[in-house]
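Below is one structure, written out as structure tokens; the observations come after it.
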Amino acid sequence: MLASFSSEVMFYVGLAVFLHVTDHVQKPYLQFSPKRWGLITGLRGYLTSAFFTMGLKVFAPLFAVFVTWPVIGLPALVSVAPFLASCLAQSVFEKHLQKRGSSSWPLLPLIFEVYRLYQLSKAAHFVEKLMMSMKGTPVSPEVLERSGALVALLVTFQVLGVVCLWSLLTFLQRLFPSRPVAENY
Numbered sequence: 000m001l002a003s004f005s006s007e008v009m010f011y012v013g014l015a016v017f018l019h020v021t022d023h024v025q026k027p028y029l030q031f032s033p034k035r036w037g038l039i040t041g042l043r044g045y046l047t048s049a050f051f052t053m054g055l056k057v058f059a060p061l062f063a064v065f066v067t068w069p070v071i072g073l074p075a076l077v078s079v080a081p082f083l084a085s086c087l088a089q090s091v092f093e094k095h096l097q098k099r100g101s102s103s104w105p106l107l108p109l110i111f112e113v114y115r116l117y118q119l120s121k122a123a124h125f126v127e128k129l130m131m132s133m134k135g136t137p138v139s140p141e142v143l144e145r146s147g148a149l150v151a152l153l154v155t156f157q158v159l160g161v162v163c164l165w166s167l168l169t170f171l172q173r174l175f176p177s178r179p180v181a182e183n184y
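Going letter by letter, the sequence shown gives residues 0 to 184 in numbering that gives the first Met the number 0.
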């Protein structure tokens with residue numbers, strides 16, 4: 000848990016430094032454009048998709064922990080906590096960049112979605128190690144219940160991976176539209 004926590008802290012500190020340097024370098028060349036952001040988020044269906052996927056990214060892990068907590072306990076929370084923390088951190092970073100009028104705002108969704116995929120693979124690896132530690136134990140109702148809960152966590156991580164890919168690809172599609180975007184689309 001300590002290694003996971005320290006790697007999360009190092010990522011967020013590194014990201015803050017990267018965004019600060021990027022903003023400092025880009026500031027003379029690119030200005031923050033609320034109009035451009037409005038053009039991206041104002042496209043039909045984007046905000047609905049963004050709210051739905053973010054809600055699913057928060058609700059699904061919380062529900063998985065709620066369901067598996069009686070069987071697995073703390074490992075369920077340990078596996079999803081970094082993912083949930085990244086959702087909160089993205090919101091904090093976005094508010095900070097918006098307040099500063101930073102031109103590096105398009106980098107955040109890209110970086111966080113890719114990082115969430117990494118977090119999901121780490122969480123799945125953690126759960127798989129827990130499953131492997133049960134190998135060779137005699138089959139009992141408790142072992143079956145525990146393995147079922149671990150499989151439920153793995154399925155949740157796979158669904159979240161698809162949602163993160165959807166979110167990333169949707170943002171890229173809106174950031175780089177294939178046709179000109181009108182203001183009143």
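Even glycine gets a Cβ: it sits at the ideal position worked out from N, Cα and C.
- Taking a cut-off of 8 angstroms for Cβ pairs, the segment 123 to 132 and the segment 97 to 115 do not touch, as fewer than three such pairs fall below it.
- At the C-beta level, Glu112 and Leu55 stay beyond 8 angstroms of one another.
- Taking a C-beta distance under 8 angstroms as the contact criterion, Leu76 and Val66 do not qualify as a contact pair.
- In this structure, the CA atom of Tyr11 is about 19 angstroms from the CA atom of Val57.
- Per DSSP, the continuous alpha helix (DSSP H) segment holding Phe10 begins and ends at Leu1 to Gln25.
- Between the C-alpha atoms of Ile110 and Tyr117 there is a straight-line separation of about 11 angstroms.
- The DSSP assignment places 106 to 132 as complete runs of the alpha helix (DSSP H) inside the segment 89 to 148, in order along the chain (cut-off: 4 residues).
- In the structure shown, Phe156 adopts helical secondary structure according to DSSP, grouped into three states.
- Secondary structure in the segment 50 to 78: no alpha helix (DSSP H) run of 4 residues or longer lies completely within the stretch.
- In this structure Ser78 is buried. Its beta-carbon is surrounded by 16 or more other beta-carbon atoms within 10 angstroms.
- In the structure shown, the three-state DSSP call for Phe175 is coil.
- Contact between Phe156 and Leu129 is absent: CB atoms are separated by about 13 angstroms, not below the 8 angstroms threshold.
- Judged by beta-carbon spacing, Pro108 lies within the 8 angstroms limit of Phe170, meaning their Cβ atoms are closer than that value.
- When rounded, the separation of the alpha-carbon atoms in Leu164 and Arg115 is 10 angstroms.
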